[in-house]
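Protein chains in written order, with this note's numbering: chain A, 8 to 319; chain B, 27 to 201.
Don't be surprised by glycine CBs; every beta carbon is placed ideally from N, CA and C.
All figures in this text were calculated on a predicted structure; none of them were measured in a lab.
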Amino acid sequence: MKHLLSIADLSADDIHRLLELTDHMVEISGRPIPKVPALRGKNVVSLFFEDSTRTRTSFDTAAKRLSADTMNFAVSSSSVSKGESLRDTIETIAAMGVDAFVVRHRSSGAPEMITRWTNASIINAGDGWHQHPTQALLDCYTIRTGLNRRDGFDGLRIAIVGDIRHSRVARSNVQAFAALGAHVTLVAPPTLLPPSLEGWPVEISHDLDALLPELDVIYLLRVQRERMEEALLPSLHEYSLLYGLTEARAARLAPHALVMHPGPMNRGVEMVADPGELPGSVILNQVTNGVAVRMAVLFWLLGSGADLSEAP
Amino acid sequence: MSTRDESHVRTVLSADDVRRALTRIAHEIVERNQGIEGLAILGLQRGGVWVAQALAGILSAIDPQHDVPLGSLDVSFHRDDVGIRPIVPASVTDIAGSLDGRTIVLVDDVLFTGRTVRAALEALNDYGRPSAVQLAVLVDRGHRELPIRPDFVGKNLPTSRDELVVATADGVTIR
Numbered sequence: 008m009k010h011l012l013s014i015a016d017l018s019a020d021d022i023h024r025l026l027e028l029t030d031h032m033v034e035i036s037g038r039p040i041p042k043v044p045a046l047r048g049k050n051v052v053s054l055f056f057e058d059s060t061r062t063r064t065s066f067d068t069a070a071k072r073l074s075a076d077t078m079n080f081a082v083s084s085s086s087v088s089k090g091e092s093l094r095d096t097i098e099t100i101a102a103m104g105v106d107a108f109v110v111r112h113r114s115s116g117a118p119e120m121i122t123r124w125t126n127a128s129i130i131n132a133g134d135g136w137h138q139h140p141t142q143a144l145l146d147c148y149t150i151r152t153g154l155n156r157r158d159g160f161d162g163l164r165i166a167i168v169g170d171i172r173h174s175r176v177a178r179s180n181v182q183a184f185a186a187l188g189a190h191v192t193l194v195a196p197p198t199l200l201p202p203s204l205e206g207w208p209v210e211i212s213h214d215l216d217a218l219l220p221e222l223d224v225i226y227l228l229r230v231q232r233e234r235m236e237e238a239l240l241p242s243l244h245e246y247s248l249l250y251g252l253t254e255a256r257a258a259r260l261a262p263h264a265l266v267m268h269p270g271p272m273n274r275g276v277e278m279v280a281d282p283g284e285l286p287g288s289v290i291l292n293q294v295t296n297g298v299a300v301r302m303a304v305l306f307w308l309l310g311s312g313a314d315l316s317e318a319p
Numbered sequence: 027m028s029t030r031d032e033s034h035v036r037t038v039l040s041a042d043d044v045r046r047a048l049t050r051i052a053h054e055i056v057e058r059n060q061g062i063e064g065l066a067i068l069g070l071q072r073g074g075v076w077v078a079q080a081l082a083g084i085l086s087a088i089d090p091q092h093d094v095p096l097g098s099l100d101v102s103f104h105r106d107d108v109g110i111r112p113i114v115p116a117s118v119t120d121i122a123g124s125l126d127g128r129t130i131v132l133v134d135d136v137l138f139t140g141r142t143v144r145a146a147l148e149a150l151n152d153y154g155r156p157s158a159v160q161l162a163v164l165v166d167r168g169h170r171e172l173p174i175r176p177d178f179v180g181k182n183l184p185t186s187r188d189e190l191v192v193a194t195a196d197g198v199t200i201r
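Here you go:
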């Protein structure tokens, strides 16, 4: 595999192999000196046209632990602000010798477009409402270790709660969770669901309270405040009354159930309870696992020398 | 390896030969280090792991007073051919605790070019600073490409480069 653009490009076997590779990266990250020479001499450039702290630092850390060179391209201080086109920007940086671009862009499909302009590997770090594949992989890894499900998610019940409509995380995660065999329910007010859910392997619910006791994982999405201006929600308070994770709701979860959130969290909106007080919260594990999963993706694309999916 | 004609398979060590060779290596390790205190045995993934387990078993029978820590090391991410040939990591490295000040016995089944051992020496640096590192192999088949020499050898085995040496507890074969 040359690029990672979408979870839809991966088979269930590919996902399993990446998660197994992640086990190695977790071990490396736990060493007294958490750095291996595997990607020495490779150049990984982050190209973020949208704000991000955790994803960019996570990729940066991952590349450094594998000894790749890293370069951060900050759009605000670049020639993009002088009107340079995306294509010219890519071709210019690629001419300096780049092995992989980690791209975040507000437009769906931008990473795929970039694959046509350079020979480097492209890793999608979030494009519009479309995909955020490394988030989905790190969430799968967190569930795999949190619930001890190395062989797949058969029979697991996962609810993704919140602004599904505008969420690339929801789109990637639905595909990844379903590929591993989980049963996924989307929980949201009708205004925050996509106009069409045809082909999504999910069930829909508007009633979080009815679902709570049977869930293995509750995955909260960030409510983007700017959606208020679009009048998709009557008020944040009403949202949190119906869909926020309060202490009372958390108490109705099964004792083993995991509470997940891709961050950044809106405390008091989707996350009303203090996540530090919730026994099932694995939100910080998600962040830790993010580095290891991104190491696995970088090694898979740049270091394994061949398609891991064809390996014995 | 199973596609090769079985008639080309030559057995060079029987199961008993393997057991005797490992027993001798274990005694040599004890002799060289004047006991087993402060030792740790590390098998190289994948082939070295069973050899290391067997050696650790024999060592603890020789000296039941002391515990020899046993671990395994995957060197995939330290190899010098990353990106050149497919690298599929084996089981995850298992090293408990620091290696500082210990004498490490690296164990592999077959010593060939020496490149895996070089990668292992480099990987060890990430876990601490051993006071010494020794190398034990069941079979040394020659064709070294690096200045690496084993301290303990079960059997020196002249081979040609394209032969395949398979070493298990049931014996060593060339095909």
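Residues sharing a beta bridge with A:TYR226, DSSP: Walking along the first sequence from the start, residue 226 of chain A turns up at place 219. According to DSSP, which records beta bridges pairwise, A:TYR226 is partnered with A:ILE167, A:MET267.
Euclidean distance between Cα positions of A:ILE22 and A:THR29: Position 15 of the first sequence, counting from 1, holds the residue named residue 22 of chain A. Position 22 of the first sequence, counting from 1, holds the residue named residue 29 of chain A. A:ILE22 and A:THR29: Cα-Cα distance of roughly 10 Å.
Coil, strand or helix - B:GLY74 by DSSP: Within the second sequence, the letter at position 48 stands for residue 74 of chain B. Note: B:GLY74 maps to helix in three-state DSSP.
Status (buried if at least 16 other CB within 10 Å, exposed otherwise) for B:GLY61: Here residue 61 of chain B is taken as the residue at index 35 of the second sequence, counted from 1. Looking at its Cβ environment, which holds fewer than 16 other Cβ atoms inside 10 Å, B:GLY61 is exposed.
Cα-Cα separation, B:LEU172 to B:PHE178: In the second sequence, residue 172 of chain B corresponds to position 146, counting from 1. In the second sequence, residue 178 of chain B corresponds to position 152, counting from 1. Cα to Cα, the separation comes out at about 18 Å.
Cβ-based burial, A:LEU25 [other Cβ within 10 Å; buried from 16]: Here the question's residue 25 of chain A lines up with position 18 in the first sequence. Flag for A:LEU25 reads buried.
One or two residues paired with A:ARG34 in a DSSP bridge: Position 27 of the first sequence, counting from 1, holds the residue named residue 34 of chain A. In the sequence as displayed, the identity of residue 34 of chain A is Glu instead of Arg. Per DSSP, none; premise fails for A:GLU34.
Extent of the continuous alpha helix (DSSP H) to which A:GLU98 belongs: Indexing the first sequence from 1 puts residue 98 of chain A at position 91. Looking at the DSSP string, the run of the alpha helix (DSSP H) that includes A:GLU98 is 93 to 101.
Beta-carbon proximity list for A:ILE211, same chain, < 6 Å, skipping 5 on both sides: One-based indexing of the first sequence puts residue 211 of chain A at position 204. Hits under 6 Å: LEU193.
Close beta carbons around A:GLN231, own chain, < 7 Å, minus the five adjacent residues each side: Within the first sequence, the letter at position 224 stands for residue 231 of chain A. If we look at A:GLN231 and ignore the five residues flanking it on each side, its Cβ neighbours are ASP170, HIS173.
Contact list for B:SER124 against chain A, beta-carbon separation under 8 Å: Mapped onto the second sequence, residue 124 of chain B falls at position 98. The answer, in chain order, is PRO39.
Cβ neighbour criterion (16 or more within 10 Å) applied to A:SER128: As a first step, residue 128 of chain A is located in the first sequence; it is residue number 121 there, counting from the start. Buried, by the Cβ-count rule.
Alpha-carbon to alpha-carbon, A:LEU249 and A:VAL224: Locating residue 224 of chain A in the first sequence gives position 217, counting from the first residue. Locating residue 249 of chain A in the first sequence gives position 242, counting from the first residue. So the two alpha carbons sit approximately 18 Å from each other.
Helix, strand or coil at A:MET272 [DSSP, three-state]: For the purposes of this step, residue 272 of chain A is taken as residue 265 along the first sequence, with counting starting at 1. In the structure shown, A:MET272 sits in coil (DSSP, three-state: anything other than H, G, I, E or B).
Proximity test, Cβ basis, 8 Å: B:THR119 and chain A: Taking the first residue of the second sequence as 1, we reach residue 119 of chain B at position 93. Yes, because at least one Cβ of chain A sits closer than 8 Å to the Cβ of B:THR119.
Under 7 Å by beta carbon: chain B residues contacting A:GLU34: As a first step, residue 34 of chain A is located in the first sequence; it is residue number 27 there, counting from the start. Per Cβ cutoff of 7 Å: VAL118, THR119.
Assigned exposure category for B:SER28 - 16 Cβ within 10 Å defines buried: Here residue 28 of chain B is taken as the residue at index 2 of the second sequence, counted from 1. Low confidence applies to B:SER28: its pLDDT is 48, below 50, so where it sits in the model is not reliable enough to give any reading.
Close Cβ partners of A:LEU187 (< 7 Å) along its chain, the five nearest in sequence each way excluded: The residue given as residue 187 of chain A occupies position 180 in the first sequence. Excluding positions up to five away in sequence, the list reads ALA19, ILE22, CYS147, GLY159, PHE160.
Between the CA atoms of A:ASN131 and A:GLU57 - distance to the nearest angstrom: Here residue 57 of chain A is taken as the residue at index 50 of the first sequence, counted from 1. Here residue 131 of chain A is taken as the residue at index 124 of the first sequence, counted from 1. If I take the Cα positions, the gap works out to 12 Å.
Under 8 Å from the C-beta of B:GLY154: neighbouring residues of chain A: Mapped onto the second sequence, residue 154 of chain B falls at position 128. What B:GLY154 touches in chain A: PRO39.
Within 8 Å, strictly: CB atoms of B:ILE84 and B:LEU48: Here the question's residue 84 of chain B lines up with position 58 in the second sequence. Here the question's residue 48 of chain B lines up with position 22 in the second sequence. Yes; because the gap between Cβ atoms is below 8 Å, this pair is in contact.
Backbone CA spacing between B:GLY64 and B:HIS53 [nearest angstrom]: To locate residue 64 of chain B, count along the second sequence from 1; it is residue 38. To locate residue 53 of chain B, count along the second sequence from 1; it is residue 27. Each residue's Cα considered, the two are about 16 Å apart.
Cross-chain neighbours of A:LEU28 in chain B, by beta carbon under 8 Å: Stepping through the first sequence from its first residue, residue 28 of chain A is reached at position 21. Going along chain B in sequence order, the residues near A:LEU28 (Cβ under 8 Å) are PRO115.
Nearest-angstrom Cα separation, counted from A:ALA299 out to A:PRO286: Here the question's residue 286 of chain A lines up with position 279 in the first sequence. Here the question's residue 299 of chain A lines up with position 292 in the first sequence. So the alpha carbons of these two residues sit roughly 23 Å apart.
Proximal residues of chain B, C-beta to C-beta of A:HIS23 below 7 Å: Walking along the first sequence from the start, residue 23 of chain A turns up at place 16. The premise fails here: A:HIS23 is roughly 13 Å from chain B at the closest Cβ pair, so nothing lies under 7 Å.
Reduced DSSP secondary structure (H/G/I, E/B, other) of B:ILE121: By 1-based counting over the second sequence, the position of residue 121 of chain B is 95. DSSP places B:ILE121 in coil when its eight states are reduced to three.
Bounding residues of the alpha helix (DSSP H) (the contiguous stretch that carries B:GLN160): As a working note, residue 160 of chain B is residue 134 in the second sequence. From DSSP, B:GLN160 is part of no alpha helix (DSSP H) but of the beta strand (DSSP E) over 158 to 166.
B:VAL191 - DSSP class collapsed to helix/strand/coil: Taking the second sequence and counting its residues from 1, the one referred to as residue 191 of chain B is at position 165. Three-state result, B:VAL191: strand.
Any non-hydrogen atom of the ligand PLP within 7 Å of A:PRO140 CB: No copy of the ligand PLP occurs in the structure displayed, which carries no ligand at all.
Interface flag, A:GLY310 vs chain B, CB-CB below 8 Å: The residue given as residue 310 of chain A occupies position 303 in the first sequence. Answer yes: the Cβ-Cβ gap between A:GLY310 and chain B drops below 8 Å somewhere.
Backbone secondary structure at A:HIS139 - three-state DSSP: Locating residue 139 of chain A in the first sequence gives position 132, counting from the first residue. Here A:HIS139 sits in coil by DSSP.
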